[in-house]
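If you read the sequence shown in the working numbering, its first letter stands for residue 139, the second for the next number, and so on.
Note that beta-carbon positions come from the ideal geometry of N, C-alpha and C, so glycine has one too.
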Amino acid sequence: MEVRVEKLRKEFERFPALHHVSLDIRSGELIALLGPSGSGKTTLLRLIAGLEAPTEGKIFFGEQDASYKSVQERNIGFVFQHYALFRHMTVLENVSFGLKIRPAKRRPEAAEIKKRAFELLELVQLSGLEKRYPAQLSGGQRQRVALARAMAVEPNVLLLDEPFGALDAQVRKDLRKWLREIHDQTGHTTVFVTHDQEEALELADRIVVMSQGRIEQVGTPDEVYDNPNSPFVFGFIGQSNCLKVRISNHEVWFEDRPIGVPAPGEREGEALLYFRPHDIQILDGCGGCMAGVVASSRRVAGTRHVEVDVGSGHNPVEIELPPERAAGIDRSRIAFRPTKWKIFRP
Ligand SMILES: Nc1ncnc2c1ncn2[C@@H]1O[C@H](COP(=O)(O)OP(=O)(O)OP(=O)(O)O)[C@@H](O)[C@H]1O
Ligand SMILES: [Mg+2]
C-alpha cells in the first residue's frame, strides 16, 4: 500500500526530533531511511506505525488519513533491532500470534493459521524449527522469525528498524540479500531503517537520507551516490574529499593556480570541491592540476588508499589506486586531477 507523509513534525518536550518531513512511499517499494544516530529515523518509523502521535502533519495510507488511527487499525508489521520474540512461545506460536489474537470475525480458522505459519517459515527458510523456543535459535534465525511474524498479518506496510543491527558482518550481508529476495517475492511495501550506507545502497529501491530531523535527499542508490545534492549527503554516502578552492574565470583554482576543472556558470568566489577517492586521474606532471606528496598508503582489499599532502591548511586528499599503480609511490610527488566532482558553496 502507498504511504504518504505530509509535513510531519514531532517534538519530544519541545525538542524537535522531526521538522516538517514529507515523503511518498510507493506501493511495493523497498525504501531505506539512512542517516546518522539521532537523525530521526526511528521517530519517523514509529509515527508511520502509530506508536507515536505527530505534533503536526499527516500520514495517509492509500487515500485514507491514518494520522490518528491505532497501530492495529493501520495493520503494520514491525521488526526491531533487538529481537522481540515472545520467549515463552515456540517459533510456530510466535509466527501465528498476530492472527490468533484477531477478533473472531477476522480470524482465520486454526488449521488455516497453522498452514500460513508453515508457509511463512518456509519462506524465511526455517522449516523444521517450528517447535524451538527463541533461546534455542541464533541471532539471525531469530530475526528471520521476527520477519515471518511481522508478515503473517499481511501488513499494509512492513517497518524494519535496523533489523540486522545486532548481528555480525557476514550474517548481516547474507540476511540483506535474503531480505531483498523475500521482498521481491512478496511485494510488501517496506520501510527499512539503517545507518549503514552500504546496506542501503545494496538493498533499497530508493534511499531517504536524513540528518537532524530533516530529509536531505530522496533518490535511487545511483542518484544519491552519483548526484548528492548537499555536502552532507556527499560526505555521508561513500568516501569523499573536500577541498577549499576558489572559482575564477569559470574554472576551479586551488591556491595560486587553476587545476583543470571547469566550472561553467558558477559564480566567482570561495567554494568547496568534493570528489571521491576513485574519481581521479594520475598525470605525468602538469601545468594545471593538483599536486602533492604521498604521505602514506595502505592496502584495502583490491585497491590501495593513498593519502596525499597538498599543502598546509588543507585536508590531505585520499585517492584510490590499483595496487600496481601505487607501487613505490610513498613519499614521491604526484600530480592528479579529479575526473568527477561537485562544487558546493561554503
Ligand atoms: N521518547 C523520546 N523522548 C525524548 N527525545 C527523544 C525520544 N525519542 C527520540 N528522541 C530524540 O529525537 C531524536 C531522534 O531520535 P531517533 O531515535 O529518531 O534517531 P535515530 O535516527 O533512529 O537514531 P539511531 O540511529 O541512534 O537509532 C534524538 O535526538 C533523540 O534523542
Ligand atoms: Mg533508531
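Residue from the options with nearest C-alpha to residue i
| i | options | result |
| --- | --- | --- |
| Ser175 | Pro484, Pro246, Gly351 and Thr193 | Gly351 |
| Gln323 | Pro272, Leu258, Glu231 and Ile345 | Leu258 |
| Glu202 | Phe224, Leu156 and Val143 | According to the sequence displayed, residue 202 carries Gln and not Glu. That would be Val143, whose Cα lies nearest to the Cα of Gln202. |
| Ala222 | Val283, Ser434 and Ala155 | Val283 |
| Trp391 | Gln377, Asp334 and Gly407 | Gly407 |
| Phe474 | Ile397, Lys480 and Glu231 | Ile397 |
| Leu410 | Phe482, Asp468 and Glu393 | Phe482 |
| Pro170 | His226, Gly188, Gln263 and Arg314 | The question names Pro, but residue 170 is Ala in the sequence shown. Nearest of His226, Gly188, Gln263 and Arg314 to Ala170, Cα basis: Arg314. |
| Ala155 | Leu185, Ile163 and Asp162 | Leu185 |
| Ala304 | Ser276, Arg395 and Leu297 | Ser276 |
| Phe198 | Pro400, His416, Ile163 and Val371 | Ile163 |
Whole-angstrom distance between residue j and residue i, CA atom to CA atom
| i | j | result |
| --- | --- | --- |
| Asp447 | Ala465 | 18 Å |
| Trp479 | Arg414 | 7 Å |
| Glu167 | Val356 | 13 Å |
| Lys253 | Gly173 | 39 Å |
| Asp468 | His326 | 52 Å |
| Glu404 | Ile385 | 7 Å |
| Val295 | Pro369 | 32 Å |
| Asp312 | Glu337 | 11 Å |
| His158 | Ser165 | 22 Å |
| Val141 | Ile457 | 41 Å |
| Val233 | Glu211 | 20 Å |
| Val438 | Val444 | 10 Å |
| Leu183 | Ala286 | 19 Å |
| Glu231 | Pro246 | 15 Å |
| Phe560 | Asp334 | Nothing can be reported for residue 560, as the shown portion of the chain is limited to 139 through 484. |
Residue i classed as buried or exposed, judged by whether at least 16 other C-beta atoms fall within 10 angstroms
| i | result |
| --- | --- |
| Gly451 | exposed |
| Ala273 | exposed |
| Tyr206 | exposed |
| Glu308 | For clarity, residue 308 is Gln in the given sequence; the question names Glu instead. Per the 10 Å Cβ criterion, exposed. |
| Pro301 | buried |
| Val347 | buried |
| Ile239 | exposed |
| Gly449 | exposed |
Contact under 8 Å by Cβ, residue i with residue j
| i | j | result |
| --- | --- | --- |
| Val291 | Asn213 | yes |
| Leu341 | Arg318 | yes |
| Ile345 | Val362 | yes |
| Thr193 | Arg244 | no |
| Gly200 | Met139 | yes |
| Ile375 | Pro366 | yes |
| Leu267 | Ile320 | no |
| Asp299 | Gln219 | yes |
| Thr441 | Pro460 | yes |
| Ser208 | Gly188 | yes |
Segments assigned beta strand (DSSP E), at least 3 residues, entirely inside the segment 316-354: Qualifying beta strand (DSSP E) stretches, in chain order: 328-332 and 344-349.
Ignoring anything shorter than 3 residues or poking outside the segment 379-444, list the beta strand (DSSP E) runs there in chain order. Complete beta strand (DSSP E) runs here, min 3: 379-386, 389-392, 395-400, 407-413, 418-421 and 428-438.
Segments of 4+ residues assigned as alpha helix (DSSP H) that fall wholly inside the segment 218-255: DSSP runs (the alpha helix (DSSP H)) wholly in the segment 218-255: 229-238.
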